[in-house]
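Below is one structure, written out as structure tokens; the observations come after it.
Protein chains in written order, with the working numbering: chain Z, 15 to 271; chain E, 227 to 505.
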């Protein structure tokens, strides 16, 4: 009997230890009563810059912050929309605890960041004014922006299709080039592609599955486990009461057929 | 004759199996009555995961997006977690072999050896007992999975238990090999620590040989002699296969760990049996 009690006490000790907070990330958010997020200035429909309809990621983060009983501080980072290399964005812990606006749950992202819960699917999608049988030999604009999608895979795919690839800097530039016939089609992240296609009455299709489909997530700094758990908890509540579905609906983030 | 009960004769196989069970049960019961061993089984994961893991975790996390020395899909706590399971198994397995010295010292071994049990059965019973206790001690670390942010599915746990059993069997056999060569308790304690700690520290348990680096690059990051020792240490592959199952990260081909452990089980048990027959 004494042995059973000893084993029970030691197990209870281990369970107790496993409930201790492994880091101070949540404590920091609670101490300042604010959750800081870094986003690109514009990445529709995730970040729009429109105060009335600020974007899916901004609205989701607001809802999460509200559940955590803290305020949301948005820090716009211009480099996020401009530069391919995350190192050049110079994002650090002092600026934000969450990175949003098109972060995908890929191996590359997970090598640098913790990832929060998934709220939508994404991947490379092709938009064009008319349905395309293939993009072979066409002139294609690529708009990568912030997402951690496989750019090397996309470049290889375009090469195998003998497509002429042209990198564009913004959604407006992509739309303008397709509209004036400079480009035959555009390749970008699926949610953005859905929005651009809907606005312009164009067609949209997934790029080949070999290029990968991913979940859209929020990025957190590696090792920030307590904050990640708090955000996951808030997300579970928001998912259960239909808030996430309502936000996605409002922005017409419909899945691609 | 009518008043004399006929004793049922048990088949030789049943005699061996009954003896095997008895010896296994004795080892397990003795381990659970030994509070010191139990406390050690709990304090090791607490110290290594809670203190060392938390203490070093900030030095391995990214501070600027995209700027980390090694691009690795885990935190330091997650990285060290499977290694602490291996550590708990190592200590318990090797220490459980001290019972061989104990049994020899107090005459129990002599009594068992004159029984109808074969020496292989006696040895297997002791090693299986030690293996069971070591796997249980290794499983204690799994309680800290939530703390280390390691998500485990039922299948992951089953696979991990399989690997832990192979590792524990090989290490308990190693402990018996040591116990057969060292005749005193004190000598065994010192010698087993001299084996356990170097094996553990050179098994890539507390630092990774990054798989993103080529062999040549690895030898630039770390001194040549250290890389060689790590690559020749069989425990490296056991820890690596546990990492593959628990945090989905392998530095070597996933099958290597299983192959190394199976070979270690066969070789070390054979050596232990050879020594045991000669003793």
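Just so you know, even glycine gets a beta-carbon here, dropped at the ideal spot from N, CA and C.
Considering Cα atoms alone, identify which of E:467, E:427, E:413 and E:392 is closest to residue 490 of chain E.
E:392
Mind checking the region 236-248 of chain Z against chain E and listing, in chain order, the residues whose C-beta falls within less than 7 Å of any C-beta there?
Going along the region 236-248 of chain Z in chain order, one finds 236, 237 and 239 with a Cβ nearer than 7 Å to chain E.
Could you tell me which chain Z residues have their CB closer than 7 Å to the CB of residue 261 of chain E, listed as they occur along the chain?
20
For residue 492 of chain E, count neighbouring Cβ atoms within 10 angstroms of its own Cβ and tell me buried if that reaches 16, exposed if not.
Here residue 492 of chain E is exposed. Its C-beta has fewer than 16 other C-beta atoms within 10 Å.
Closer than 8 Å at the beta carbon, the chain Z residues around residue 258 of chain E:
17 and 21
Along the alpha helix (DSSP H) that carries residue 453 of chain E, what are the first and last residues, could you check?
450-458
Taking 8 Å as the cut-off, does the region 227-245 of chain Z touch the region 170-183 of chain Z (at least 3 CB pairs, one atom from each stretch)?
They do not touch, by the three-pair rule.
Can you have a look at residue 144 of chain Z and say buried or exposed, based on whether 16 or more other CB atoms are within 10 angstroms of its CB?
exposed
Please return the same chain residues whose Cβ sits closer than 6 Å to the Cβ of residue 249 of chain Z, not counting the five positions on each side in sequence.
In its chain, beyond the 5 residues on either side, 131 have a beta carbon closer than 6 Å to the beta carbon of residue 249 of chain Z.
Starting from residue 203 of chain Z, follow its DSSP beta bridges and name the residues at the other end.
For residue 203 of chain Z, which the question treats as bridged, DSSP gives the partners Z:138.
Output the boundary residues of the beta strand (DSSP E) element that contains residue 218 of chain Z.
217-220
Of the residues that make up the region 150-178 of chain Z, which ones have a beta carbon closer than 7 Å to any beta carbon in chain E?
none
Residue 255 of chain E, DSSP secondary structure in three states:
helix
At a cut of 8 Å, does the region 347-362 of chain E reach the region 377-385 of chain E through at least three beta carbon pairs?
no
Cut-off 7 Å between Cβ atoms - residues of its own chain near residue 149 of chain Z, not counting five sequence neighbours on either side:
Shown here for residue 149 of chain Z: same chain residues with a beta carbon closer than 7 Å to its own, the five before and five after excluded, namely 140, 175, 177 and 199 in chain order.
Per-residue DSSP class, three states only, for residue 314 of chain E:
helix
Are the region 234-252 of chain E and the region 344-355 of chain E in contact at 8 Å, needing three or more beta carbon pairs?
yes
From residue 163 of chain Z to residue 136 of chain Z, what does the alpha carbon distance come to, in whole angstroms?
Taking the straight line joining both Cα atoms gives about 9 Å.
Return the residues of the region 362-381 of chain E that lie within a Cβ-Cβ distance of less than 9 Å from chain Z, sorted by chain order.
366, 367, 369, 370, 371, 372, 373, 374 and 375
What does residue 32 of chain Z reach in chain E if we use C-beta pairs closer than 8 Å?
369, 370, 371, 372 and 373
Taking the continuous beta strand (DSSP E) assigned at residue 388 of chain E, which residues delimit it?
Per DSSP, residue 388 of chain E belongs to no beta strand (DSSP E); it is in the alpha helix (DSSP H), 380-407.
Roughly how many whole angstroms lie between the Cα atoms of residue 270 of chain E and residue 258 of chain E?
17 Å
Return the CA-CA distance between residue 85 of chain Z and residue 106 of chain Z, expressed in angstroms with no decimal places.
20 Å
Hey, residue 486 of chain E and residue 404 of chain E: beta-carbon distance below 8 Å or not?
no
Beta carbon of residue 65 of chain Z, beta carbon of residue 209 of chain Z: below 8 Å?
Their beta carbons are not under 8 Å apart, which means residue 65 of chain Z does not touch residue 209 of chain Z by this criterion.
For a test of the three-state rule: what should DSSP assign to residue 150 of chain Z, helix, strand or coil?
coil
Beta bridge counterpart(s) of residue 90 of chain Z as assigned by DSSP
Z:53
Kindly list the residues whose CB is nearer than 7 Å to the CB of residue 366 of chain E, restricted to its own chain and excluding five residues on each side of it in sequence; keep chain order.
267, 268, 271 and 314
Looking only at its own chain, which residues have a Cβ that is under 8 Å from the Cβ of residue 344 of chain E, when we skip the five neighbours before and after it?
242
Just curious, the beta strand (DSSP E) that residue 116 of chain Z is in, first and last residue?
112-118
Which residues in chain Z have a C-beta closer than 9 Å to the C-beta of residue 284 of chain E? List them in chain order.
37 and 237
Determine the closest residue to residue 155 of chain Z out of Z:166, Z:146, Z:231 and Z:142, with distance taken between C-alpha atoms.
Z:142
So, is the C-beta of residue 301 of chain E closer than 8 Å to a C-beta in chain Z?
yes
Rounded to whole angstroms, what's the CA-CA distance from residue 397 of chain E to residue 316 of chain E? Just pull it up for me.
6 Å
For the putative contact between residue 51 of chain Z and residue 75 of chain Z, defined by C-beta atoms under 8 Å, what is the C-beta separation to the nearest angstrom?
5 Å
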